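Trainee: Under our numbering, the letters of the sequence shown match residues 480 to 1151, in that order. No residue lacks a Cβ here, since even glycine has one placed at the ideal position from N, Cα and C. Predicted model, so just to flag it, every value in this text is computed and none were measured. Sharing a structure here in structure tokens format.
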Amino acid sequence: MSQDPESAESKSLSADAYTVLPPGATYQPMIPASAQLPETTWRSVLWGLFFCVVFSVASAYSGLKVGQVMESAIPVSILAIGLARMYPRRSTLLENVIISGLGGTAGAVAAGAIFTLPALYILNLNPHPLQTVFIGIAGGALGVLFLIPLRRYFVRETHGTLPYPEATAITEVLVTGEKGGSQARLLLMATGISAVYDFFVTTFQVWKEYLDFQFVGAVRDLATRARVAVSFDAIGFILGLGYVMGLRSSMILCAGGMLSNLVLVPLIWMMGSHLGELTVYPATMPIPQMTAVQIFRGYVRFIGVGAIATAGIFGIIKSLRIVAGSFGIALKAFRAGEEAGQERTDRDVPVMTILIGVIVSAVAVAVFFASLSTVPAIIAVGLVMSLVFAFFFTSVAANAIATTARNPVSGMTMLTIIISSIVLLKFGLSGSSGMFFVMAIAGMVCTALSVSGQFVTDLKTGYWLGSTPAAQQRVKFLGVMAAAAAAGLTIALLARTFQFGEAVPGDLRTVLPSPQASIMKALVEGFMRHQPVAYILFGAGAVIALIMEMLGVPALIFALGMYLPLELNTPALVGGFLSHFLGKRAAGAGGASGSRIRERGVIIASGLMAGGALGGVFGAALRLIPGFAESWVKTPFYDNEPVSQMVSAALFIGLCLYVWFGALSKEKGTQA
């Protein structure tokens, strides 16, 4: 029997939403399992699909032009709150979760598409538009199917141990939008400040976004003589991200970055500085001519890829028991009826549906591969690699998103290309057909891990708020199909008007840089020309991940820190310290005052993330305007490095002070 939406919805999350539960305790979502509220209605599904298509087209175009995919989940959650008030029956919180989840599919599928598919056009392989759409649908469907059995492990069993920064931001946006009042004002203020701040600093030349402090002589000498370089991305989004991650996770993330940039890069520079004009693979230029950033990209990042892959293996091994238990629960539910022994908020789609979905997807992928090669062994090997990589990387992506909100999409796709190329070369597949085959596998795997990483955010948001997992899972397939069609066809249409990668002599079409796809193209082309494999770099990363496990340190977080540029890790550490010290103040205050400090801190941090995402969307959209130039808005001191960087540092410190005093501020009428 349905309940009235207003009476069924609580106005706040449980106090233990973000903390580890006591033994035997069960988390109670904001909307109880007994409530039967509108969820997958025509309203929520159609609006969600509309936002999904719009953001997919925009993300595909912006990603090809500036290498930046529009993050859609957080902006769509904000749009959903506004839509909720347009109807005589106000949309329920669960309908808003569906809208946010469907809209968020756009950025994930678009990332999988633009990272790989344009490489086919750069290689003059000219895929049919239906092939580009199919690769996106197949990869996205596998990502969803393989994540469903992992839901209980990542969402329920690890409750309170993984921070889920992006899911926290979306949840706080949706909950605070429901509450209204002072908390809504606090969220809107934080969102507005971060949106304006991040929009201007990332879009125009107002002050430096990246701080390297090389205007100081000693720092510049270290970077020049030893390739020891520090960097800092002074934006609100990453500050909020670090706050939600917490001090421990942000410290481990930053530690990985310090190992890469402050230890490995200088070591490679020291050993390679005596090699003269000799170029050491996989880099494409002599080490003495390389900057610290080029050494990181040419060598150290491959060590990070090896560490991520190995850490992912450890994660899968650790989760096998829970995964097996999830399958066991699903099988029991299937035998006794879908609802037997399961609450609404813990009900997945039937296990038979998952199995049928995997089989149908596998058959479709096999037929697709058969259109590329007539050799049964190659078709079988391609199918096995696609399924194994998609399943393997699903766990890696979910873990990465749950801990740092960063998905190592490009690194895992590079690893897929490397292994697939090596294996298929053994079977005699090479040349143009080999490159098409490898990039098709890479496209599916890239989309699968991108979608699974985004989907675990949806499921965690739904878990906190009280959604029905089965409902989220069913509509996710609609989102994958809509996003794959929109992104795939957009790429195909753009290929008629633009050229991807670099300008080709004689081709007068405008160039879309397609930075990620250009890297993938160079990688697959190199392997099909029998270039060597940097096994030592991947192996070094694997050993580092093993050492982290032996020390009891979360290896994947550390590996992500090694792989990501240092400037993305350092501001997260500042956010982690803010979270730690505000947490101590809250613990000292105790009672209602302590709870208020914690709650306000999370709301402000979520607002910084939401605003940063909005600012990024606006900035990316503005860059699509013909003739756009960052100098449209330029301050007189922008080119003065000392002044510009110091202004940036001062404003970032101002953001930190806003978080601190905003969390400690008392609401009007509140007693001390």
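What is the DSSP secondary structure of Phe979, reduced to helix, strand or coil?
Mentor: Of the three classes helix, strand and coil, the one that applies to Phe979 here is strand, per DSSP.
Trainee: Could you tell me whether the Cβ atoms of Thr682 and Gly1098 are closer together than 8 Å?
Mentor: Yes.
Trainee: Determine, using beta carbons only, whether Ala617 and Gly836 come nearer to each other than 8 Å.
Mentor: Cβ atoms of Ala617 and Gly836: not closer than 8 Å.
Trainee: Is it buried or exposed, Glu981, if we count other Cβ atoms within 10 angstroms and call 16 or more buried?
Mentor: Counting Cβ neighbours within 10 Å, Glu981 comes out exposed, since fewer than 16 surround it.
Trainee: With C-beta atoms as the reference, is Gly583 less than 8 Å away from Gln933?
Mentor: Yes, the Cβ-Cβ distance between Gly583 and Gln933 is below 8 Å.
Trainee: Here's a check: name, in chain order, each residue in its chain whose Cβ is nearer than 6 Å to the Cβ of Ser946, leaving out the five neighbours to either side.
Mentor: Closer than 6 Å at the Cβ level, and outside the excluded window around Ser946, lie Leu573 and Val576.
Trainee: Taking only the alpha-carbon atoms, compute the straight-line gap between Met960 and Ile614 and give it to the nearest angstrom.
Mentor: Cα-Cα distance, rounded: 11 Å.
Trainee: Comparing alpha-carbon positions, which option in Tyr566, Thr647 and Pro628 lies nearest Pro829?
Mentor: The candidate whose alpha carbon is nearest that of Pro829 is Pro628.
Trainee: Starting from Trp1139, trace the alpha helix (DSSP H) both ways and give me its first and last residue.
Mentor: Start and end: Glu1120 to Leu1143.
Trainee: By Cβ distance, which residues of its chain are closer than 7 Å to Met864, with the 5 residues on each side in sequence left out?
Mentor: Same-chain partners within the cutoff: Ser899, Val902 and Ile920.
Trainee: Take Ala879 as the anchor and find which of Gly1133, Ala1034, Asn603 and Val1122 has the nearest alpha-carbon.
Mentor: Cα-wise, what sits closest to Ala879 is Ala1034.
Trainee: Leaving out five residues before and five after Ala856 in sequence, what residues of the same chain have Cβ atoms less than 7 Å from its Cβ?
Mentor: Taken in chain order, the residues that qualify are Phe906.
Trainee: Distance check for Leu1061 and Phe1140, CA to CA, integer angstroms please.
Mentor: One C-alpha to the other measures close to 10 Å.
Trainee: Nearest by alpha-carbon distance to Tyr1042: which of Trp943, Leu1030, Arg780 and Ile553 is it?
Mentor: Selected option, being the one with the closest Cα: Arg780.
Trainee: Please go through the same chain and pick out, in chain order, the residues whose beta-carbon is closer than 6 Å to the beta-carbon of Ser1144, but skip the five residues on each side of it.
Mentor: So no residue of the chain qualifies.
Trainee: With which residues is Gln442 paired in a DSSP beta bridge?
Mentor: Look at the range of the chain in this structure, 480 to 1151, and you will see that residue 442 is not part of it.
Trainee: Taking Val888 and Ala590 to be in contact with their CB atoms under 8 Å, please state how far apart those CB atoms are, rounded to whole angstroms.
Mentor: Yes, Val888 and Ala590 are in contact; Cβ-Cβ is about 6 Å, under 8 Å.
Trainee: Ala504 to Thr824, Cα distance in whole Å?
Mentor: Approximately 16 Å, taken between the alpha carbons.
Trainee: Exposed or buried, Ala1151, counting other C-beta atoms within 10 Å across all chains shown (16 or more means buried)?
Mentor: For Ala1151, the pLDDT reaches just 37, beneath the cut-off of 50, and the residue's location in the model is therefore unreliable, although a value from the coordinates is still provided. Its Cβ having fewer than 16 others within 10 Å, Ala1151 is exposed.
Trainee: Below 8 Å between beta carbons: does that hold for Ser916 and Gly861?
Mentor: Note that residue 916 is Phe in the sequence shown, not Ser. Going by C-beta atoms, Phe916 is nearer than 8 Å to Gly861.
Trainee: State the Cα-Cα distance for the pair Ala1177 and Leu528, rounded to the nearest angstrom.
Mentor: No answer is possible for residue 1177: the residues shown for the chain start at 480 and end at 1151.
Trainee: For Gly715, which of Val695, Asn603, Ala674 and Trp748 has the nearest alpha-carbon?
Mentor: For the residues Val695, Asn603, Ala674 and Trp748, the minimum Cα distance to Gly715 belongs to Ala674.
Trainee: What's the call for Phe711, buried or exposed, on a 16-neighbour Cβ count within 10 Å?
Mentor: Buried, by the Cβ-count rule.
Trainee: Using alpha carbons as the reference points, say which of Pro984, Ala869, Ile787 and Trp521 lies closest to Tyr566.
Mentor: Closest by alpha carbon: Trp521.
Trainee: Look at the alpha carbon of Leu1101 and the alpha carbon of Thr926, and state the distance between them as a whole number of angstroms.
Mentor: Taking the straight line from one Cα to the other gives about 26 Å.
Trainee: Exposed or buried, what is Asp677 when buried is set at 16 or more other beta-carbons lying within 10 Å of its beta-carbon?
Mentor: Answer is buried; the Cβ neighbour count reaches 16.
Trainee: Could you check which residue in Ile897, Ser729 and Ser911 has the C-alpha nearest to that of Val924?
Mentor: With distances taken between Cα atoms, Val924 lies closest to Ile897.
Trainee: I'd like to know whether the C-beta atoms of Ala734 and Gly1020 end up nearer to each other than 8 Å.
Mentor: Cβ distance not < 8 Å, so Ala734 and Gly1020 don't count as in contact.
Trainee: Is it the case that the stretch 970-979 contacts the stretch 590-607, given that we only count it when at least three CB pairs across the two stretches are under 8 Å?
Mentor: Contact between the stretch 590-607 and the stretch 970-979 is present, because at least three Cβ pairs lie under 8 Å.
Trainee: Is Asp712 helix, strand or coil by DSSP?
Mentor: In this structure, Asp712 counts as strand in the three-state DSSP scheme.
Trainee: Which residues in the same chain have their Cβ closer than 8 Å to the Cβ of Thr640, if we skip the five residues on either side of it in sequence?
Mentor: Closer than 8 Å at the Cβ level, and outside the excluded window around Thr640, lie Val499.
Trainee: Val990 by DSSP, collapsed to three states: which one?
Mentor: Looking at Val990 - three-state DSSP - the assignment turns out to be strand.
Trainee: Assign Tyr497 to one of three DSSP states: helix, strand, or coil.
Mentor: Coil, per DSSP.
Trainee: Could you give the residue range of the alpha helix (DSSP H) that holds Asn1048?
Mentor: From DSSP, the alpha helix (DSSP H) with Asn1048 extends over Leu1045 to Ala1068.
Trainee: Under three-state DSSP, which class holds Glu817?
Mentor: Bear in mind that a pLDDT of 49 at Glu817, under 50, signals an unreliable position, so the number given afterwards is only what the model happens to contain. Here Glu817 sits in coil by DSSP.
Trainee: Mapping the DSSP letters down to three states, classify Tyr506 as helix, strand or coil.
Mentor: Three-state result, Tyr506: coil.
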